[in-house]
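Mapping of the sequence shown onto UniProt numbering: residues 1 to 265, in sequence order. Here's the structure we're looking at; comments come further down.
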Amino acid sequence: MEGYTILKVIGDGSFGRALQVEQKSSCEQYVMKEIRLPKSPTGIQNSRREAVLLSKMKHPNIVAFRDSFEADGHLYIVMEYCAGGDLLQRIKQQKNTPFPPDMILSWFAQMCVGTKHIHDQRVLHRDLKSKNIFLTSDGAVKLGDFGSSCVLNSAKAYAYTYVGTPYYVSPEIWDNKPYNNKSDVWSLGCILYELCALSHPFQASSWKSLILKVCRGAYTPLPAHLPYELHYLVKQMFKTNPRDRPSLHTILTSHRISRLLQKHL
Ligand code: ADP
Ligand code: MG
């Protein structure tokens, strides 16, 4: 803690706080996540996982890890500060003005590349949502918040536990099937839809009807003015059977979509 000055509190959650800090030696700004460590050894291990996994991810589209340490029953994770805030805030700022399709595709392409990097290391993010995607001052997009992520295969049972935000949860999770790489693809589809329509794809007045809509893949049609490619992409990503849903590898390489996205990378 000594090496940093707290500038302000930018997030307050069940885990603890997110602080905007300045490193005294370099005058550089960072985000410091302060996580209250639980008492139990497994709880501590779970909390540490976020720092361990984030530290392994070095990619231009993933929030850069800087440092982590423990003090006074807290875990501190120091990471790159993204001055543009999160994508949910950015969406809200639009009011009802649609984003230009090129901007949507550019952001989406960057999210795909970042997520593919995670998947290539057999890690699942498990909480992809617009609130966990960050924008830098120069408009780049970065995935953040690895607090729910897990390593595939290490503990299969763990992948069964539901951790996500209801709006972004895929049909297989509601169906009690294991979380897999395609479940992250579904969540990315929800974010893509949000960028296109400025609203959630699946909305309902009760949990029960929300889940039913998700499991049927019955999303509100996208605004008609959007280019065909975006309609097509969303449709592929909302295939209810994870096997029919494209992987990030498919989206970025072998699909006709890839030609569209590569232009934006
Ligand atoms: P949680 O979702 O578990 O509360 P997050 O890591 O998503 O924790 O951080 C909480 C909030 O802090 C975010 O919604 C965002 O507003 C802010 N925040 C987190 N990381 C960054 C970052 N790298 N750059 C800028 N703001 C951030
Ligand atoms: Mg978050």
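For each residue, glycine too, the CB sits at the ideal point set by N, CA and C.
The set of residues with CB atoms less than 6 Å from any heavy atom of the ligand MG reads, in chain order, LYS131, ASN132 and ASP145.
Spatial neighbours of ARG17 in its own chain (CB-CB distance under 6 Å, excluding positions within 5 residues in sequence) are listed in chain order as VAL9 and GLU34.
Counting of Cβ neighbours within 10 angstroms places TYR228 among the exposed residues, the total staying below 16. Here GLY43 is exposed. Its C-beta has fewer than 16 other C-beta atoms within 10 Å. Secondary structure of GLN121 (DSSP, three-state): coil. If you draw a straight line from the Cα of ARG216 to the Cα of VAL52, it comes to about 37 Å. The ligand ADP has a heavy atom closer than 7 Å to the beta-carbon of ILE10.
CA-to-CA, the gap between PHE99 and PRO41 works out to about 46 Å.
Rounded to the nearest whole angstrom, the CA to CA distance from ARG122 to VAL151 is 6 Å.
The three-state secondary structure of CYS196, taken from DSSP, is helix. Taking 7 Å as the cut-off, the C-beta of PHE134 counts as close to a heavy atom of the ligand ADP. The nearest non-hydrogen atom of the ligand ADP is 7 Å or more from the C-beta of CYS215. Comparing alpha carbon positions, the residue from THR5, GLY13, ALA224 and SER170 closest to VAL21 is THR5.
Ranked by Cα distance from LEU198, the options LEU87, TRP174, GLY147 and SER209 are led by LEU87. Inter-residue distance for GLN93 and GLY85 is about 11 Å (C-alpha atoms, whole angstroms).
With fewer than 16 other CB atoms across the displayed protein chains lying within 10 angstroms of its CB, LEU265 is exposed.
MET237: member of the alpha helix (DSSP H) spanning 228-237, first to last residue.
If you look at GLY16, you'll find it in the beta strand (DSSP E) that goes 16-23. ALA71 carries a strand assignment under DSSP once its states are collapsed to helix, strand and coil. A Cβ-Cβ contact shorter than 8 Å links ILE257 with LEU233.
Annotation for ILE211: the continuous alpha helix (DSSP H) segment containing it runs 207-216.
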